[in-house]
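Trainee: In terms of my numbering, the sequence shown opens at residue 372 and continues consecutively.
Note that beta-carbon positions come from the ideal geometry of N, C-alpha and C, so glycine has one too.
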Amino acid sequence: MRPGSLKDPEIAELFNKHDPEKIFEDLREIGHGSFGAVYYAKCNLTPEIVAIKKMSYMGKQSMEKWQDILKEIRFLRQLNHPNTIEYKGCYLHENTAWLVMEYCVGSASDIIEVHKRPLKEDEISAICDGVLRGLSYLHSLGRIHR
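#1: Since Lys459 and Val471 should fall inside the 8 Å C-beta cutoff, what is the C-beta to C-beta distance between them, to a whole number of angstroms?
#2: DSSP beta-bridge partners for Gly404?
#3: What separation, rounded to the nearest whole angstrom, lies between the Cα atoms of Gly501 and Asn454?
#4: Just the C-alpha distance for Phe386 and Val485, rounded to the nearest angstrom, thanks.
#5: Looking only at C-alpha atoms, which of Leu512, Gly404, Phe395 and Asp379 sits nearest to Tyr411?
#6: Could you tell me whether the Cβ atoms of Ala408 and Ile456 are closer together than 9 Å?
#7: Work out the CA separation of Pro391 and Leu463 for me, nearest whole Å.
Take a look at the structure:
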């Protein structure tokens, strides 16, 4: 089966059938890497702000890219913990998967930049506690975070 094919019902059920360009607006790139790019976006159906990870599955190694996308969707769908990202769904558009996730505001570096001071010990402790709770949850699923 070719990358992007939804003929297999088990694969088709992983994706929303609607056009994501009609659902999300005001896309602004907030990060990128070898996988693709991550965008800030507004959802037209709800008042939510989301993060959208766009991953192309065309070009060299397209089948490998497609398998990586399917693996990531299956992984994200099983997460259910307050210290992990909430997965909202995935769409296909122009040979690109749009993985829609909760948008997280305020990284530790954002906090330092806004307050113009080093973090206090109790603030560092709270951040570490949340990170370690999320990591422990992932480990309980037999997963690691790289």
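Mentor: This is what the structure holds:
#1: Beta-carbon to beta-carbon, Lys459 and Val471 are separated by about 4 Å, close enough to satisfy the 8 Å threshold.
#2: Checking the DSSP bridge columns, you'll see Gly404 partnered with Gly407.
#3: Those two C-alpha atoms are separated by around 6 Å.
#4: A direct Cα-to-Cα measurement between Phe386 and Val485 gives close to 38 Å.
#5: Answer by Cα proximity: Phe395.
#6: Taking 9 Å as the cut-off, the Cβ atoms of Ala408 and Ile456 do not count as close.
#7: Rounded to the nearest angstrom, the two C-alpha atoms are 8 Å apart.
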